[in-house]
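As they're listed, the protein sequences go chains A and B.
Residue numbering for the first sequence follows our numbering, beginning at 1059 and increasing consecutively.
Residue numbering for the second sequence follows our numbering, beginning at 4 and increasing consecutively.
We put the beta carbon where it would ideally sit given N, CA and C, even for glycine.
Computed from a predicted structure; not experimentally measured.
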Amino acid sequence: MPATDIAIVGFAQSPSLRDANPSEVQLLVPVVTQAIEMAGINRREIGFTCAGSCDYLTGGPFAFVSNLEAAGAWPPISESHVEADGAWAMYEAWMRLQEGDIDIALAFGSGKSSPSNPAEVWAQQLDPYYLAPLGVDPISLAGIQARALLDSGKATEEDFAKVVVNSRRNAAANPNAQLKDADTTVEALLAEPYFRTPLRKHDCPPISDGAVAVVMARGDKARELCSRPAWIRGMDHRIEAHQPGVRDLTSSPSTALAARKAGYDGGPLDVVELSGTFSPQELILLDALGLSLDGDTKVNPSGGALAGNPIMAVGLVRIVEAAARIIDGSANRVLAHATGGPLLQQNLVCLMEGE
Amino acid sequence: MTDTPKEHMVMEHLVTLTYHERLTENLNRYADNLLEGRIIGAKCPSCGRVFVPSKGYCSLCVVPTTEADEVEVPDTGIVTGFTIVSPVNYYGQKKTEPFVFASVLLDGADTTLGGMDITGVPHSELRSGLRVKAKWKPREERSVEGMSNRGWGGFGDVVESFEVTGEPDADEETYKEHLF
């Protein structure tokens, strides 16, 4: 539990785009500026900055260094970088704020998947002995997970389609979403051909470019900057075995544990935003949290990761989407989730409330 | 401990990752102009610094720059720093004789062009402050292949070198804030 009250007081995100022409820094510059402007602060008031991105995705060593220019790093600032989704950058900044000597921190995440072939890039995060040399790509892995889920009897292909319908319909109202369709139906989706059996193309995320930023503030500073801050009640991340073959792919105990450690007690939630980048994963995550698509909790009102998947930003986008609903007064208690590694290997949960 | 020899397994895992990237709009305009023998940069609407090439934003003020902020700068400038490289025969190295790698601050620019060749002066007389002018390649020999969004954008392969003009050296005060 945090030693001090910390809240999100500003945020911004770029649209999720299939192939953005601007450089990654050019995507970040307006996003970071808008988040700072929303918080109503001067850039120099930020006590700590943390960024999340992936050099493998950008395709250059130390590519993350230029992203820092979006924060305004001259005169020198106190900053850090994680080779992970921006949600983990936010986690580090949140931890840093708890030391109590600074009041404001900035975190951002960015990634352009369009220049690379994600199937090639993401095979490299697998273990170097057994899986990486095989070149196992994320969609094939997700197919194995989907098959395991079907075989376990926990879900059907119709359930996968329901996840996609929820995503496409919700995304229709989200100007930043990449894939949207207010009129999608389960029947229409099930009539589509398989892409990687038992997955259809719509069960997989789009290839996306994008950027996102949050400004957090502590205690009274947060109340001063925002009339209704999104208070972070807890944040936690847990990791499972790296080798997908040694775990039960149909459940996510790390998500359940992270949620508990973040302070989620199973009580009512208005909104949950999940980084299920394949439709079966969203079902696994809902199950881990004791939630369902048919319950009282709104699941992925933004459309979620199936509607836009700017890798290295997508998890922080979930947190921003959930926080936005507290700040605009439409929700009071929300939970957001981010993931990293193959097949939901590492999971982060952020629980936020209004006051 | 046994003396029985054991096998050391060696596993080769060769990785090829391919990236396709279009030049950003600002670099695309820069490249088009270089091919025509013109050098353009972006003037920050906030601080007035001129970045050559444009990054699409000012990295000090953190404000975007657009086509409207782009300005032409002359092909004359100052050597701010240099090194003389004695080539060793590494993979891809085509040079065999010592060559110059100099930073050139174009007149009116606040950023330098790196890795430029300087001609018209013996290596022993190279110095910071030398005034130089671009010796453009013929139009049909100019190339911007290999220019990329990464790093500083480069200068393509559009000039033979920067040739010393013979003007008096620039005062260090005029370029000491712009060495790299």
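Reduced DSSP category for residue i - H, G, I as helix; E, B as strand; rest coil
i: A/TYR1415; result: Outside the modelled stretch of chain A, which goes from 1059 to 1413, sits residue 1415 of chain A, for which no answer is possible.
i: A/PHE1336; result: coil
i: A/ALA1249; result: coil
i: A/TRP1132; result: coil
i: A/ARG1376; result: helix
i: A/ILE1094; result: helix
i: A/HIS1260; result: helix
i: A/ASN1405; result: strand
i: A/PRO1176; result: helix
i: A/ALA1365; result: coil
i: B/SER146; result: strand
i: A/LEU1075; result: strand
i: B/THR115; result: strand
i: B/HIS181; result: coil
i: A/SER1138; result: strand
i: A/SER1285; result: coil
i: B/VAL124; result: coil
i: B/PHE104; result: strand
i: A/GLY1292; result: strand
i: B/LEU109; result: strand
i: A/GLU1411; result: strand
i: A/LEU1347; result: coil
i: B/THR83; result: strand
i: B/PHE165; result: strand
i: B/ASP174; result: coil
i: A/PHE1069; result: strand
i: A/MET1274; result: strand
Environment of residue i [buried if 16+ CB atoms lie within 10 Å]
i: A/THR1091; result: buried
i: A/LEU1248; result: exposed
i: A/GLU1379; result: buried
i: A/CYS1108; result: buried
i: A/ASP1261; result: buried
i: B/MET14; result: exposed
i: B/GLU143; result: exposed
i: A/SER1350; result: exposed
i: B/GLY169; result: exposed
i: B/ILE87; result: exposed
i: B/MET12; result: exposed
i: B/ASP172; result: exposed
i: A/ALA1142; result: buried
i: A/GLU1245; result: exposed
i: A/ARG1102; result: exposed
i: A/THR1242; result: buried
i: A/PRO1186; result: exposed
i: B/VAL18; result: exposed
i: A/PRO1311; result: exposed
i: B/ASN29; result: buried
Check whether residue i and residue j have beta carbons under 8 angstroms apart
i: A/LEU1126; j: A/LYS1170; result: no
i: A/THR1313; j: A/ASN1405; result: yes
i: A/ARG1296; j: A/LEU1327; result: no
i: A/ALA1271; j: A/LEU1283; result: no
i: A/SER1225; j: A/ASN1358; result: yes
i: B/ASP120; j: B/SER62; result: no
i: A/PRO1191; j: A/PRO1176; result: no
i: A/SER1172; j: A/ASP1077; result: yes
i: A/GLY1361; j: A/ASN1228; result: yes
i: B/THR68; j: B/CYS50; result: no
i: A/ALA1317; j: A/VAL1407; result: yes
i: A/LEU1401; j: A/VAL1221; result: no
i: B/PRO77; j: B/GLY44; result: no
i: A/ALA1204; j: A/VAL1194; result: no
i: A/ILE1057; j: A/TRP1152; result: Not covered by the structure: residue 1057 of chain A. The range shown for chain A is 1059 to 1413.
i: A/GLN1156; j: A/THR1062; result: yes
i: A/ILE1160; j: A/GLY1110; result: no
i: A/VAL1329; j: A/ALA1396; result: no
For residue j and residue i, believed in contact at Cβ under 8 angstroms, the rounded distance
i: A/VAL1089; j: A/SER1072; result: 5 angstroms
i: A/ARG1383; j: A/VAL1392; result: 6 angstroms
i: A/LEU1086; j: A/ALA1128; result: 4 angstroms
i: A/ALA1381; j: A/ALA1231; result: Actually they are not in contact, since the Cβ atoms of A/ALA1381 and A/ALA1231 sit about 18 angstroms apart, beyond 8 angstroms.
i: B/GLY132; j: B/SER146; result: Not really, about 30 angstroms apart at Cβ, beyond 8 angstroms.
i: B/PHE54; j: B/THR114; result: 5 angstroms
i: A/GLY1201; j: A/ARG1258; result: Not a contact, Cβ separation roughly 11 angstroms.
i: A/ILE1135; j: A/LYS1279; result: Incorrect: roughly 18 angstroms between the Cβ atoms, too far for contact.
i: B/THR83; j: B/LEU109; result: Wrong, their Cβ atoms sit about 11 angstroms apart, outside the cutoff.
i: B/VAL162; j: B/LEU38; result: Rounded, the Cβ-Cβ distance is 12 angstroms, inconsistent with contact.
i: A/SER1081; j: B/THR27; result: 5 angstroms
**OP:** Starting from the N-terminal side, write out each stretch of the alpha helix (DSSP H) that is 4 residues or longer and does not extend beyond the segment 7 to 80 of chain B.
**Re:** The qualifying runs are 28 to 38.
Subject >> Complete alpha helix (DSSP H) runs within the segment 1165 to 1236 of chain A (minimum length 4 residues, chain order) >> reply: Along the segment 1165 to 1236 of chain A, the alpha helix (DSSP H) occurs as fully enclosed runs of 4 or more residues at 1176 to 1179, 1196 to 1210 and 1215 to 1229, listed in sequence order.
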